[in-house]
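Colleague: Please see the structure below; I have some questions.
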Ligand code: UDP
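Numbering (the numbering used here), first residue to last: 36 to 483.
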């Protein structure tokens, strides 16, 4: 993208404290900084110490110190995070008010809508940045605002909603189907749909042709701007320099370089999803049965679930790492498909790089993402669970063979290439997302 302006509106970017939420909002921050805006990322010490914050040289990080206390759950942590940041926020904004660049615009993760009222009181404009597909917001739109327990999804039959494909129970976001799990996250997730309308801009990391029907429908309700896939604007164009921290980069690259084009299955369940031991074993056996090479990301907290016997057998066929530079891996010609949990970033990254997917969704928006991947964009297939909810090794192996070696795989690859091209068009000069980003920056700079 070419330079738009040298005016420096100070934009404060406030991510949710989770890796999958940090990556896309930091990508957006890099674009804003590359256009001459002064950009500061606001976060907490825990995030700075435990997550990858690959901000590049143009962005400052305002890392708020805090006492460390043990959290009993993610819900517990998020409750604390909300109270702590609400308490600190005013003084942070006042601190910047006395500098050459007072903060004018706050870009928040759309889960942090609890800050909007306070930000407005402090005279800031707020952009709510959605790290999720537009379809998810459209599904949540139909939840009863007064009483979320009255959601019109009884789980019994197929759900029919305007502009969305028919959804079976297994396609619905888990916050709807598993009503008791993660109450705080659920409150934040549903809350965003009740509160995000208060924001001055609604930004989505998606692109118009990808979710055409549902975007057109949601635009009849709200003024939304699509600005994705941000990964393409930053990774391929190397905006602001790409990551210096590339975990296992050489190891993965050397291993992939030694494999033939399209011969490797890349397997990852993102930064949070956790399979139980039995499911890990089935997956491990299925990967071996497929007789394909595989690069499997098993986070350090999970690798005790793999037996020594498997680890030793897998050496011939597999590279197993705790974390990898996923974009470089997906972009490598040796990778033939992505066995994924369908997190929205992973989905966009595979679409943007033209990689077919095998979907094994776990929670949150992953089931509807999987529905779109398989039925709407037709760039993947979904593994089928048995009656006990488990995915067997036979199913894993047969899906991999279908995508890596079968006729279906050829069609999926053709479709994946088509979406890669359309994604590129969206972020290139004159594309829908490119235009929306420019408009947003112009709006911000008009405040100066
Ligand atoms: N990721 C990575 N290396 C890994 C696994 C994941 O860099 O080994 C990145 C991936 O590229 C994506 C993010 O972590 O940007 C995961 O986000 P996603 O929305 O797919 O899943 P979540 O972690 O939120 O469940």
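Just so it is clear, CB atoms sit at the ideal spot from N, CA and C, and this is done for glycine as well. Remember, predicted model here, so these are calculated numbers, not experimental data.
What's the gap between the Cα of residue 234 and the Cα of residue 253?
Modeller: Mapped onto the chain shown, residue 234 falls at position 199. Mapped onto the chain shown, residue 253 falls at position 218. Each residue's alpha carbon lies about 16 Å from the other.
Colleague: Is the beta carbon of residue 484 sitting closer than 8 Å to the one on residue 260?
Modeller: In the structure as shown, the chain starts at 36 and stops at 483, and residue 484 therefore has no counterpart that could be examined.
Colleague: State the Cα-Cα distance for the pair residue 276 and residue 92, rounded to the nearest angstrom.
Modeller: For the purposes of this step, residue 276 is taken as the residue at position 241 of the chain shown. For the purposes of this step, residue 92 is taken as the residue at position 57 of the chain shown. Unreliable placement is indicated for residue 276, whose pLDDT of 41 sits below 50; no coordinate value is reported for it.
Colleague: At what residue ranges does the region 237-308 contain a whole run of the beta strand (DSSP E), taking only runs of 3 or more?
Modeller: You should have 259-261 and 299-303.
Colleague: When the Cα atoms are used, what is the spatial distance from residue 126 to residue 132?
Modeller: Sequence index remark: in the chain shown, residue 126 carries index 91 (1-based). Sequence index remark: in the chain shown, residue 132 carries index 97 (1-based). So the alpha carbons of these two residues sit roughly 10 Å apart.
Colleague: How is the alpha helix (DSSP H) around residue 115 delimited, first residue to last?
Modeller: For this step, residue 115 is matched to residue 80 along the chain shown. Residue 115 -> alpha helix (DSSP H) spans 109-132.
Colleague: Using a Cβ-Cβ cut-off of 8 Å (strictly less than) and excluding sequence neighbours within five positions of residue 386, which residues of its own chain qualify?
Modeller: Against the chain shown, residue 386 aligns to sequence position 351. So the list reads 245, 264, 412, 414, 451, 454, 455 and 458, once near-sequence residues are dropped.
Colleague: How far does the beta strand (DSSP E) with residue 163 in it reach, from first residue to last?
Modeller: As a position in the chain shown, residue 163 is number 128, starting the count at 1. First-last of the beta strand (DSSP E) with residue 163: 160-165.
Colleague: To the nearest angstrom, how far is the alpha carbon of residue 302 from that of residue 377?
Modeller: Sequence index remark: in the chain shown, residue 302 carries index 267 (1-based). Sequence index remark: in the chain shown, residue 377 carries index 342 (1-based). About 11 Å.
Colleague: Does DSSP put residue 412 in a helix, a strand or coil?
Modeller: Position 377 of the chain shown, counted from the start, is the residue given in the question as residue 412. Residue state, collapsed to three classes: coil.
Colleague: Is DSSP giving residue 443 helix, strand or coil here?
Modeller: Translated into positions along the chain shown, residue 443 becomes position 408. It is helical.
Colleague: The beta strand (DSSP E) that contains residue 330, what's its start and end?
Modeller: If you number the chain shown from 1, residue 330 lands on position 295. Taken as a continuous stretch (DSSP letters only), the beta strand (DSSP E) holding residue 330 covers 328-332.
Colleague: Taking 6 Å as the limit between beta carbons, can you name the residues of its chain near residue 202, skipping five residues before and five after?
Modeller: In the chain shown, counting from the first residue as 1, residue 202 sits at position 167. Taken in chain order, the residues that qualify are 194.
Colleague: My assumption, with CB atoms under 8 Å, is that residue 333 sits in contact with residue 357. Please give the rounded CB distance.
Modeller: For the purposes of this step, residue 333 is taken as the residue at position 298 of the chain shown. For the purposes of this step, residue 357 is taken as the residue at position 322 of the chain shown. Contact flag correct, Cβ pair sits at about 7 Å.
Colleague: Can you tell me whether DSSP reads residue 95 as helix, strand or coil?
Modeller: Here residue 95 corresponds to residue number 60 of the chain shown, with the count starting at 1. Residue 95: strand per DSSP, three-state reduction.
Colleague: Given that a residue counts as buried once 16 or more other Cβ atoms are within 10 Å of its Cβ, and exposed if not, what is residue 321?
Modeller: Looking up residue 321 in the chain shown gives position 286. Residue 321 should be labelled buried.
Colleague: What residues in its chain sit with their C-beta under 6 Å from that of residue 146, if we drop five residues either side in the sequence?
Modeller: Along the chain shown, one-based indexing puts residue 146 at 111. Only 51, 223 and 227 meet the Cβ criterion.
Colleague: I need the straight-line Cα distance from residue 176 to residue 169, nearest angstrom please.
Modeller: By one-based count along the chain shown, residue 176 stands at place 141. By one-based count along the chain shown, residue 169 stands at place 134. Looking at the two C-alpha atoms, the distance is approximately 11 Å.
Colleague: Using 10 angstroms around the beta-carbon of residue 279, count the other beta-carbons present and answer buried if the total reaches 16, otherwise exposed.
Modeller: The count along the chain shown starts at 1 and reaches residue 279 at position 244. Model confidence at residue 279 stands at a pLDDT of 42, short of 50, so the residue's coordinates are unreliable and nothing is read from them.
Colleague: Could you check the C-alpha separation between residue 364 and residue 157 for me, to the nearest Å?
Modeller: Translated into positions along the chain shown, residue 364 becomes position 329. Translated into positions along the chain shown, residue 157 becomes position 122. Using only the alpha carbons, I get a separation of about 43 Å.
Colleague: Compare the Cα-Cα distances from residue 130 to each of 108, 99, 466 and 104 and report the closest residue.
Modeller: On the chain shown, position 95 is the one that residue 130 refers to. Nearest C-alpha to residue 130: 99.
Colleague: Alpha carbon to alpha carbon, how far is residue 382 from residue 209? Give it in angstroms, no decimals.
Modeller: Locating residue 209 in the chain shown gives position 174, where the first residue counts as 1. Locating residue 382 in the chain shown gives position 347, where the first residue counts as 1. Roughly 18 Å separates the two Cα atoms.
Colleague: Among the residues of its own chain, which have a CB less than 6 Å from the CB of residue 354, if the five just before and after it don't count?
Modeller: Within the chain shown, residue 354 is the residue found at index 319, counting from 1. Hits under 6 Å: 290 and 330.
Colleague: Under DSSP, the alpha helix (DSSP H) around residue 315 begins and ends at which residues?
Modeller: Your numbering for residue 315 matches position 280 in the chain shown. Here the alpha helix (DSSP H) through residue 315 covers 312-324.
Colleague: Mapping DSSP to helix, strand and coil, what is residue 479?
Modeller: As a working mapping, residue 479 is identified with position 444 in the chain shown. Note: residue 479 maps to helix in three-state DSSP.
Colleague: For a quick check, are the C-beta atoms of residue 136 and residue 70 less than 8 Å apart?
Modeller: One-based indexing of the chain shown puts residue 136 at position 101. One-based indexing of the chain shown puts residue 70 at position 35. Cβ atoms of residue 136 and residue 70: not closer than 8 Å.
Colleague: Could you give the residue range of the beta strand (DSSP E) that holds residue 392?
Modeller: Looking up residue 392 in the chain shown gives position 357. Run containing residue 392: 392-394, per the beta strand (DSSP E) assignment.
Colleague: Quick check on the DSSP output: the beta strand (DSSP E) that includes residue 231 runs from which residue to which?
Modeller: Here residue 231 is taken as the residue at index 196 of the chain shown, counted from 1. Here residue 231 belongs to no beta strand (DSSP E), and DSSP marks it neither H nor E.
Colleague: Indicate the three-state DSSP secondary structure (helix, strand or coil) for residue 55 in the structure shown.
Modeller: Looking up residue 55 in the chain shown gives position 20. Of the three classes helix, strand and coil, the one that applies to residue 55 here is helix, per DSSP.
Colleague: Check whether the Cβ of residue 306 sits closer than 7 Å to any heavy atom of ligand 1, and report yes or no.
Modeller: The sequence position of residue 306 within the chain shown is 271, counting from 1. Indeed, a heavy atom of ligand 1 lies less than 7 Å from the Cβ.
Colleague: Do residue 266 and residue 62 have their C-beta atoms closer together than 8 Å?
Modeller: One-based indexing of the chain shown puts residue 266 at position 231. One-based indexing of the chain shown puts residue 62 at position 27. Taking 8 Å as the Cβ cut-off, residue 266 and residue 62 qualify as a contacting pair.
Colleague: Since I believe residue 162 is in contact with residue 238 (beta carbons under 8 Å), could you give me their beta-carbon distance rounded to a whole number of angstroms?
Modeller: Numbered from its first residue, the chain shown carries residue 238 at position 203. Numbered from its first residue, the chain shown carries residue 162 at position 127. Indeed they touch by this definition, with Cβ atoms about 6 Å apart.
Colleague: Quick check: the Cα distance between residue 108 and residue 114, rounded to an integer number of angstroms?
Modeller: Position 73 of the chain shown holds residue 108. Position 79 of the chain shown holds residue 114. Residue 108 and residue 114: Cα-Cα distance of roughly 10 Å.
Colleague: Taking all protein chains shown into account, do 16 or more other C-beta atoms lie within 10 angstroms of the C-beta of residue 417, making it buried, or fewer, making it exposed?
Modeller: Translated into positions along the chain shown, residue 417 becomes position 382. Result: buried.
Colleague: Taking 6 Å as the limit between beta carbons, can you name the residues of its chain near residue 67, skipping five residues before and five after?
Modeller: Here residue 67 refers to the residue found at position 32 of the chain shown. Around residue 67: 46 and 74.
Colleague: Which residue wins for smallest C-alpha separation from residue 112, given the options 206, 219 and 59?
Modeller: Locating residue 112 in the chain shown gives position 77, where the first residue counts as 1. Considering only alpha carbons, the answer is 219.
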